[in-house]
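A.B. asks:
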Amino acid sequence: MRIVSLLPSATEILFAVGAGDDVAGVTFECDFPEAARTRRIVSTSALRPGMTPAEIDAEVRERIARGEDLYRLDEGALRELAPDLVVTQDLCAVCAVDVGSVDAAMAHLGCDGSVLTVDPQTLEEVIESIVTIGTATGHEAPAEELAAECRRRLAVVRDAVGGLARPKVAVVEWTDPPFCAGHWVPDMVEAAGGRALLGRPGEDSHRITWEDVAAANPDLVVIAPCGYRLEGAVTLAEQAIEEGFIPADVPVWAVDADAAYVRPGPRLVDGVEALAGVLHRDVMPPRNDLAQQVGK
Numbered sequence: 001m002r003i004v005s006l007l008p009s010a011t012e013i014l015f016a017v018g019a020g021d022d023v024a025g026v027t028f029e030c031d032f033p034e035a036a037r038t039r040r041i042v043s044t045s046a047l048r049p050g051m052t053p054a055e056i057d058a059e060v061r062e063r064i065a066r067g068e069d070l071y072r073l074d075e076g077a078l079r080e081l082a083p084d085l086v087v088t089q090d091l092c093a094v095c096a097v098d099v100g101s102v103d104a105a106m107a108h109l110g111c112d113g114s115v116l117t118v119d120p121q122t123l124e125e126v127i128e129s130i131v132t133i134g135t136a137t138g139h140e141a142p143a144e145e146l147a148a149e150c151r152r153r154l155a156v157v158r159d160a161v162g163g164l165a166r167p168k169v170a171v172v173e174w175t176d177p178p179f180c181a182g183h184w185v186p187d188m189v190e191a192a193g194g195r196a197l198l199g200r201p202g203e204d205s206h207r208i209t210w211e212d213v214a215a216a217n218p219d220l221v222v223i224a225p226c227g228y229r230l231e232g233a234v235t236l237a238e239q240a241i242e243e244g245f246i247p248a249d250v251p252v253w254a255v256d257a258d259a260a261y262v263r264p265g266p267r268l269v270d271g272v273e274a275l276a277g278v279l280h281r282d283v284m285p286p287r288n289d290l291a292q293q294v295g296k
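Last residue of the sequence shown: 296 in this note's numbering, with the numbers rising by one and none dropped.
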């Protein structure tokens, strides 16, 4: 089987369930595991590099308003790879090539491979998608084992934090303008022993104001910007603190969103464990590779 993955999370799942050798094409964002970097890139961003969060937001809005794509699909590469399966999504035009563009390209090129759309909205649906992808690629047994392991690790966290006070947590997934984190992230906060503010499980992330963050009276603010890794998240958190956007008495943490929060794959469990280590340090070990306190 020849597989093209148009989602970094799907690429991670494919390798994790044993289908990595079949992955022939990936996106420019597919950087985990390391072997994914050796596959042919079939999808790139239409946004220019080096933009600020505000510039990215403005460009995205303008392109969507004009009906323009945010990603470029290399039809030549798609034709040459002749995939038996393409894994994509229909959840968010900002996150990856949408299924409509893929279907149109496959039809135009005369490719007869199938297209699998994966759109998990909650943490449990993310785990279920592991089995969906594993089944579609002939790796159902290892996929079920991986899903079971994710649930086992989540149960360990749940048992460790059960009965403890649940701090109120505001997760900000974009800083200029601010957006609260939705979809599976509120589930992650709850699984880590916190109370999620602003965003709701299974619902879209949406634009808020910094006044909304303050009004929610959080015990903790988590800065989790997509595409910025931990170092970039620290910088954006520092800027928010310097601008006075976050109340001075509220602890602020930056996290590696790409590694453990915004990509709906098995590493979300790492994110839950890391957040539990932030919220309940007495019972859960810290994950300094994924989370860093800022401004204290």
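Just so you know, even glycine gets a beta-carbon here, dropped at the ideal spot from N, CA and C.
1) Please go through the same chain and pick out, in chain order, the residues whose beta-carbon is closer than 7 Å to the beta-carbon of Thr135, but skip the five residues on each side of it.
2) Could you pull out every residue in the same chain whose Cβ sits closer than 7 Å to the Cβ of Leu109, ignoring the five residues on either side in sequence?
3) Within this structure, are the beta carbons of Gly25 and Arg48 separated by less than 8 Å?
4) Pick helix, strand or coil for Phe179, following the three-state DSSP scheme.
5) Identify, in the order they occur along the chain, each residue of the same chain with its Cβ nearer than 8 Å to the Cβ of Leu290, setting aside the five sequence neighbours on each side.
6) Should the region 143-154 be regarded as contacting the region 195-214, the criterion being three or more beta carbon pairs within less than 8 Å?
7) Leaving out five residues before and five after Phe245 in sequence, what residues of the same chain have Cβ atoms less than 7 Å from its Cβ?
8) Going by Cα to Cα distance, which pick from Pro177, Gly194, Gly227, Asn288 is closest to Leu220?
9) In this structure, what does DSSP give as the bridge partners for Trp253?
10) Under the three-state reduction of DSSP, which class applies to Leu85: helix, strand or coil?
11) If we ignore side chains and look at the alpha-carbon of each, how far apart do Asp249 and Phe179 end up?
12) Curious, which full-length beta strand (DSSP E) runs of at least 3 residues does the region 16-48 contain?
13) Distance check for Asp112 and Asp176, CA to CA, integer angstroms please.
14) Please look up how many angstroms separate the CB atoms of Val4 and Leu14, rounded, as I've assumed it's under 8 Å.
15) Kindly indicate which three-state DSSP category Ile310 falls into: helix, strand or coil?
16) To the nearest angstrom, how far is it from the Cα of Leu268 to the Cα of Ala240?
C.D. replies: Let's see:
1) In the sequence shown, counting from the first residue as 1, residue 135 sits at position 135. Correct list, in chain order: Ala143.
2) The residue labelled residue 109 in the question sits at position 109 within the sequence shown. Model confidence at Leu109 stands at a pLDDT of 47, short of 50, so the residue's coordinates are unreliable; what they give is reported in the following sentence. Result list for Leu109: Glu75, Leu78, Arg79, in chain order.
3) In the sequence shown, the residue the question calls residue 25 occupies position 25. In the sequence shown, the residue the question calls residue 48 occupies position 48. Not closer than 8 Å, so no.
4) In the sequence shown, counting from the first residue as 1, residue 179 sits at position 179. It is a strand residue.
5) Reading the sequence shown from its first residue, position 290 is the one you call residue 290. Cβ neighbours of Leu290 within its own chain (closer than 8 Å, five residues either side excluded): Leu230, Val255, Asp256, Ala259, Ala260, Asp270, Gly271, Ala274.
6) At 8 Å Cβ cutoff, the stretches do not touch.
7) Sequence index remark: in the sequence shown, residue 245 carries index 245 (1-based). Closer than 7 Å at the Cβ level, and outside the excluded window around Phe245, lie Trp210.
8) Taking the sequence shown and counting its residues from 1, one reaches residue 220 at position 220. If we check each option's Cα against that of Leu220, Gly194 comes out closest.
9) By 1-based counting over the sequence shown, the position of residue 253 is 253. Secondary-structure assignment with DSSP links Trp253 through a beta bridge to Val222, Gln293.
10) Taking the sequence shown and counting its residues from 1, one reaches residue 85 at position 85. Leu85 falls in the strand class under three-state DSSP.
11) Counting from one through the sequence shown, the residue named residue 249 turns up at place 249. Counting from one through the sequence shown, the residue named residue 179 turns up at place 179. Rounded to whole angstroms, Asp249 and Phe179 show a C-alpha spacing of 21 Å.
12) With a minimum length of 3 residues, the unbroken runs of beta strand (DSSP E) contained wholly in the region 16-48 fall at 23-27, 40-45.
13) Stepping through the sequence shown from its first residue, residue 176 is reached at position 176. Stepping through the sequence shown from its first residue, residue 112 is reached at position 112. Asp176 and Asp112 have their alpha carbons spaced roughly 42 Å apart.
14) Along the sequence shown, one-based indexing puts residue 4 at 4. Along the sequence shown, one-based indexing puts residue 14 at 14. Incorrect: roughly 10 Å between the Cβ atoms, too far for contact.
15) Summary: the structure shown does not reach residue 310, with the chain confined to residues 1 through 296, and so no result is reported for it.
16) As a working note, residue 268 is residue 268 in the sequence shown. As a working note, residue 240 is residue 240 in the sequence shown. Approximately 25 Å between the Cα atoms of the pair.
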